[in-house]
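**Q** So this note's numbering is basically just the index in the sequence shown, starting at one, shifted up by 52. Before I ask anything, here is the structure I am working with.
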Amino acid sequence: PPPPMSDELLLLWPSLLTDRQLPNNSWPMPYDLDFEVDDLDFHKEECDLLLAPSSDAQVVQILDDVWEVLSASTLSTTAYKGYIEALIEIPPDLLKEAASIVIKTYVYPSPPKPADFYQAIQNKLDERKIALQRITLMAERKNYIRRWKEKGSQNATH
């Protein structure tokens with residue numbers, strides 16, 4: 053089963069979560085989508101922000117810090133660009149966390165690979181992506197229900 057959602061994600065939309073569990077799923081899931089939730093757009097924006105990629109400058113700074121602490125050998129310009137391209141998709145806060153974990157746990161003489169950074173924060177990154185998918189799905193369902201109700205009320209008046 054997936055890991056439990058982090059507190060930061062649970063706090064984004066407590067009104068959407070219930071104690072009800074879906075079969076074979078350990079995560080709390082909304083099960084009644086026929087309700088008024090005015091903040092879905094806000095929550096989607098928050099999720100988008102939590103998934104915003106790092107800038108080139110942020111990745112370069114993190115790599116420089118990691119290389120300095122680990123006393124890792126320098127990379128060629130091409131390899132360095134490859135690291136930047138590979139790591140830029142990680143949000144800045146998770147990139148910093150990944151760097152901290154890599155610094156604490158990396159024991160090999162060669163420099164850490166981009167996969168080491170991803171592995172350090174993969175669960176949290178997946179949580180955020182799933183949260184965004186769920187919010188998007190809830191917004192789509194809410195809009196569908198609203199349109200269905202509007203169409204039903206129009207048909208009833210004709």
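Cβ atoms here follow ideal geometry from the backbone N, Cα and C, with glycine treated the same way.
Under the rule that 16 or more other beta-carbon atoms within 10 Å means buried, what is N77, buried or exposed?
**A** Its pLDDT being 43, under 50, N77 is placed unreliably in this model, and the value from its coordinates should be taken loosely. Answer is exposed; the Cβ neighbour count stays below 16.
**Q** Going by C-alpha to C-alpha distance, which of I114, D117, Y135, P143 sits closest to E179?
**A** Of the listed residues, the one whose Cα sits closest to E179 is P143.
**Q** Give the DSSP-derived three-state secondary structure of K165 in the structure shown.
**A** coil
**Q** Going by DSSP in three states, Y132 sits in which element: helix, strand or coil?
**A** helix
**Q** Closest to A150 by CA distance: which of K165, P161, Y160 is it?
**A** K165
**Q** Enumerate in chain order the residues of its own chain whose CB-to-CB distance from V121 is below 8 Å, with the five nearest sequence positions on each side excluded.
**A** Excluding residues up to 5 positions away in sequence, I155 lie with their Cβ nearer than 8 Å to the Cβ of V121 in the same chain.
**Q** For the alpha helix (DSSP H) containing T157, name the first residue and the last one.
**A** Note, T157: alpha helix (DSSP H), 144 to 157.
**Q** Would you kindly check if the distance between the Cβ of P163 and the Cβ of I140 is under 8 Å?
**A** No. Outside cutoff.
**Q** Exposed or buried, which one is I197 when buried takes at least 16 other CB atoms within 10 Å?
**A** exposed
**Q** Whose C-beta lies closer than 8 Å to the C-beta of V118 among residues of the same chain, with five residues either side of it excluded?
**A** A124, A151, V154, I155, P164
**Q** DSSP state of Y170, grouped into three classes?
**A** helix
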